[in-house]
Amino acid sequence: MFELKENDDICRQAQNSGTFYLFHNFSPFLQKIRGKYLVPQINATEIKKILEKFRQNEQRIEDSVLIGCSGDCLAYFALDLGSMERSVLESGLEGSFTELQQAFFQLDEKDTHLLSSAQALLRWHDNHQYCSKTGQPTKKNLAGSKRVCHSSGIIYYPQMSPVVITLLSDGNRCLLVRQASFPRGMYSALAGFCDVGETLEETVRREVAEEVGLEVDSLWYSASQHWPFPNSTLMIACHAMVQPQETEISVNKLELEAARWFSLDEVVEALRRDPRSSKQEDGTFSVCLPPKQAIAHQLIQEWIKNQLCQ
Ligand SMILES: NC(=O)C1=CN([C@@H]2O[C@H](COP(=O)(O)OP(=O)(O)OC[C@H]3O[C@@H](n4cnc5c(N)ncnc54)[C@H](O)[C@@H]3O)[C@@H](O)[C@H]2O)C=CC1
Ligand SMILES: [Mg+2]
1 MFELKENDDI CRQAQNSGTF YLFHNFSPFL QKIRGKYLVP QINATEIKKI LEKFRQNEQR
61 IEDSVLIGCS GDCLAYFALD LGSMERSVLE SGLEGSFTEL QQAFFQLDEK DTHLLSSAQA
121 LLRWHDNHQY CSKTGQPTKK NLAGSKRVCH SSGIIYYPQM SPVVITLLSD GNRCLLVRQA
181 SFPRGMYSAL AGFCDVGETL EETVRREVAE EVGLEVDSLW YSASQHWPFP NSTLMIACHA
241 MVQPQETEIS VNKLELEAAR WFSLDEVVEA LRRDPRSSKQ EDGTFSVCLP PKQAIAHQLI
301 QEWIKNQLCQ
């Protein structure tokens, strides 16, 4: 990856043997076969044919960005054809440009990873076309790992925002929260963006205090994940404990719709429930939890495992 990022000539060669994922205004190109989304992988020759068919300059292939590399050094690229007519492209390519969020939870792990990195990188380039100091256009290197303002020499690198997500426990129960924007009935772990200069531990303690008024006693790291919605974040997942005698919650209603402690049985039952069928006969919604693709799900699974091992 390093050579591909740093050397435009090597990257150009990799484009000729690489695999391309197409986007249109940040929506990936997908095919739906027997109800399942497939992510077509297109090679450089096919991309050039598509560009020729739609009377685009072959050079447009150089607008693509490098999103990864397979074990046997096959490079993956993403190309956004947003300036072309969407419906014409779709009928020519026999598939459709689908909102990532719509397909995300039905795709294979490798595809979700590549498509979310691709969308985040394409969005970053779209938002950084001008130097914020000089106002002059910036130019991307071939791989898309940076943009340079040739008038000031400033180099811009793609960024993601760090977010800490914490599953809080009092030893017997875990704390789950709801934002008004979540799907009806859904509860998740408590999340918050890192402030500049903060350590992850400080963010966990501050967010827990701000959102539910509790004091974290101890915490430990679990895992991390890139999360593309609504913007590119690096989710850093932690477990944390409060003292069992200090569990009274004070919900910050500006940030959360609800927060409460859940027993092991309640969590196990909620995890079994399909979020799509959580609506009850009286119109209310039963508690459901994030799907397996979200790191919150992994934190909850780990907590259950720990409780069962006690
Ligand atoms: N993958 C997963 O399992 C989960 C992911 N998340 C993600 O975590 C993220 C953060 O969670 P929240 O509770 O909303 O954070 P939060 O508790 O920090 O509140 C969001 C507020 O923080 C401010 N903010 C500070 N820095 C920001 C930045 N770089 N970008 C946007 N807003 C910023 C804004 O005022 C925003 O309204 C969300 O984007 C959400 O999608 C949340 C729960 C589960
Ligand atoms: Mg939050």
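Numbering (full-length UniProt numbering), first residue to last: 1 to 310.
Ideal Cβ placement from N, Cα and C applies to all residues, glycine included.
Short Cβ contact (7 Å threshold) for residue i with residue j
i: K146; j: I154; result: no
i: T191; j: V163; result: The sequence given here places Ala at residue 191; Thr does not occur at that position. Contact: yes.
i: L289; j: A259; result: no
i: Y157; j: V287; result: no
i: Q101; j: F229; result: yes
i: D217; j: V251; result: no
i: I236; j: L214; result: no
i: K279; j: F285; result: yes
i: L79; j: L22; result: yes
Distance, residue j Cα to residue i Cα
i: R178; j: E52; result: 49 Å
i: C238; j: L308; result: 19 Å
i: D170; j: R205; result: 15 Å
i: G197; j: I295; result: 24 Å
i: Q159; j: V208; result: 25 Å
i: T134; j: S152; result: 7 Å
i: G144; j: E257; result: 40 Å
i: L254; j: F182; result: 15 Å
i: E90; j: M1; result: 31 Å
i: A189; j: L74; result: 37 Å
i: E6; j: K140; result: 12 Å
i: I67; j: G283; result: 44 Å
Neighbour flag for residue i against chain D, beta carbons, 7 Å
i: P275; result: Although the question refers to chain D, the structure presented lacks it and comprises just one protein chain.
Residue of the options minimising C-alpha distance to residue i
i: residue 383; options: Q41, K305, G171, S152; result: Lying before the first or after the last residue shown, residue 383 is absent from the chain, which here runs from 1 to 310.
i: A44; options: E281, I304, H297, F77; result: F77
i: Q59; options: Q293, I67, I47, S70; result: I47
i: C194; options: I165, H113, E255; result: I165
i: N306; options: E257, V268, E85, A143; result: V268
i: S132; options: R123, L142, L122, V148; result: V148
Open item on the list: Quick check for students: name the residue ranges of the beta strand (DSSP E) that lie wholly in the region 204-257, counting only runs of 3 or more.
Closed with: Segments of the beta strand (DSSP E) lying fully in the region 204-257: 218-227, 233-241.
Open item on the list: Across the region 24-31 and the region 112-123, are there enough close Cβ pairs to call them in contact, namely three or more that are closer than 8 Å?
Closed with: yes
- [ ] Check whether the region 30-39 touches the region 3-18, taking contact to mean three or more Cβ pairs, one atom from each stretch, closer than 8 Å.
- [x] no
- [ ] Decide if the region 222-229 is in contact with the region 241-260; the criterion is three or more beta carbon pairs, one per stretch, under 8 Å apart.
- [x] no
TODO: Starting from the N-terminal side, write out each stretch of the beta strand (DSSP E) that is 3 residues or longer and does not extend beyond the region 24-73.
DONE: 27-33, 36-38, 65-69
- [ ] Taking only runs that begin and end inside the region 93-127, name each unbroken alpha helix (DSSP H) of 4 or more residues, in chain order.
- [x] 100-104, 109-127
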